[in-house]
Amino acid sequence: MTEESFRHEYKYLLSENALRMFEGRIKGIMKRDIHTGEDGRYMIRSIYFDDMYYSCYRENEDGTDIKEKFRIRAYNADDSFISLELKRKEHGKTQKLSEIIDKELYDYLVYDKPIKGFSRAGTLAKTLIMQKKTRLMKPKIIVQYEREPFIYERGNVRVTFDRFISSSPHIDRMFEKDAFCLPSLPEGIHLLEVKWDEFLPEEIRIAIENSRLQSTAFSKYYLGMQMTGNTYRFGTPGVMAR
431 MTEESFRHEY
441 KYLLSENALR
451 MFEGRIKGIM
461 KRDIHTGEDG
471 RYMIRSIYFD
481 DMYYSCYREN
491 EDGTDIKEKF
501 RIRAYNADDS
511 FISLELKRKE
521 HGKTQKLSEI
531 IDKELYDYLV
541 YDKPIKGFSR
551 AGTLAKTLIM
561 QKKTRLMKPK
571 IIVQYEREPF
581 IYERGNVRVT
591 FDRFISSSPH
601 IDRMFEKDAF
611 CLPSLPEGIH
621 LLEVKWDEFL
631 PEEIRIAIEN
641 SRLQSTAFSK
651 YYLGMQMTGN
661 TYRFGTPGVM
671 AR
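My numbering puts the sequence shown at residues 431 to 672.
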């Protein structure tokens, strides 16, 4: 299991033109992530889990300071590399724990299909398995977007442009190349994320200030659940179905 330290994470909603202007300010400073394709982008799909009370969803509504979300992530709809992740947020900082899982373990976690044994399950997978039994954690939605990432070694800075954010309640289409998803944002609006460790280098801070960016609280999972109506699909306990 890999474990990141807690990091600063700021999010900004921008138009395509504003993203391109910001890219122009940082492209001479930052490098493109080497793991991207020829166009510098890749497609991300994540399955998010929640319990029967939609606790993770409600934490966003309530503004809870400490949040945790389990998700399973794949890139470009490829099932040969599947990552189980736990995203934590505490006191304004975030941390990600992750481990690679195989397709058999994926099918168990998502569909409860029989599995020969749990010897290949890591610490994170075992934690989710326990929460599936005790909290009835289940997969709720797919969140999909196109990511263009940039990196800067000093300060371990990562800047990502997330375009065409969308969601779908059809979990079984996780690995379909052309699975249809509902847009989560108005057309032409995208998400910029800036993440760093202990300090943000001056040149990047100036690029943000010159772009007059205003940070916002934003959860792809929360917005996706709203757009798909998934929180009321089966009637959330304590909430009137609609």
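All C-beta atoms, glycine included, are put in the ideal place defined by N, C-alpha and C.
Check	Outcome
For M473, which beta-bridge partners are listed by DSSP?	E576
Do you know offhand how far S598's Cα is from K499's?	17 Å
Throw me the rounded Cβ distance for the E439 and K650 pair, which I believe falls under 8 Å.	No, E439 and K650 are not in contact; Cβ-Cβ is about 13 Å, not under 8 Å.
Identify which residue in M604, L539, T564, E628 has its Cα closest to the Cα of M482.	T564
Quick check: what's the CA-CA separation for E529 versus T590?	22 Å
Helix, strand or coil for E498 per DSSP?	strand
Is it buried or exposed, K461, if we count other Cβ atoms within 10 angstroms and call 16 or more buried?	exposed
Rounded to a whole number of angstroms, what is the C-alpha to C-alpha distance between G665 and D480?	Here the model assigns G665 a pLDDT of 41, short of 50, so the residue's position is not dependable, and the following value carries that caveat. Distance between the alpha carbons of G665 and D480 is about 14 Å.
For my contact list, I496 and E520 are in at a C-beta cut-off of 8 Å; report their separation, rounded to the angstrom.	5 Å
Taking E446 as the reference, which of T466, E633, M657, D592 has the closest Cα?	D592
Who pairs with Q525 in a beta bridge, going by DSSP?	R518
Grab me the residues of D463's own chain with a C-beta within less than 6 Å of its C-beta, minus the 5 sequence neighbours each way, in chain order.	P579, I581
L643 lies in the alpha helix (DSSP H); which residues open and close that run?	It is not in any alpha helix (DSSP H) - L643 carries neither H nor E in the DSSP assignment.
Any idea what DSSP makes of E633, helix, strand or coil?	helix
Are S476 and R501 closer than 8 Å when you measure CB to CB?	yes
Could you compute how far the alpha carbon of Q561 sits from the alpha carbon of P569?	12 Å
Just confirm the distance between the C-beta atoms of C611 and Q644, as a whole number of angstroms; I'd bet it's less than 8 Å.	Incorrect: roughly 27 Å between the Cβ atoms, too far for contact.
By the DSSP assignment, the alpha helix (DSSP H) with Y442 in it spans what residues?	It is not in any alpha helix (DSSP H) - Y442 instead sits in the beta strand (DSSP E) that spans 437-445.
Looking at L630: is its Cβ nearer than 8 Å to the Cβ of F452?	no
Using the three-state DSSP reduction, which class does K543 fall into: helix, strand or coil?	coil
Please report the straight-line C-alpha distance between M657 and A448, rounded to a whole angstrom.	25 Å
Following the continuous beta strand (DSSP E) through D592, name the residue where it begins and the one where it ends.	587-598
Around the C-beta of K517, are 16 or more other C-beta atoms found within 10 angstroms, so that it is buried, or is it exposed?	buried
May I ask you to report which of helix, strand or coil DSSP gives E433?	strand
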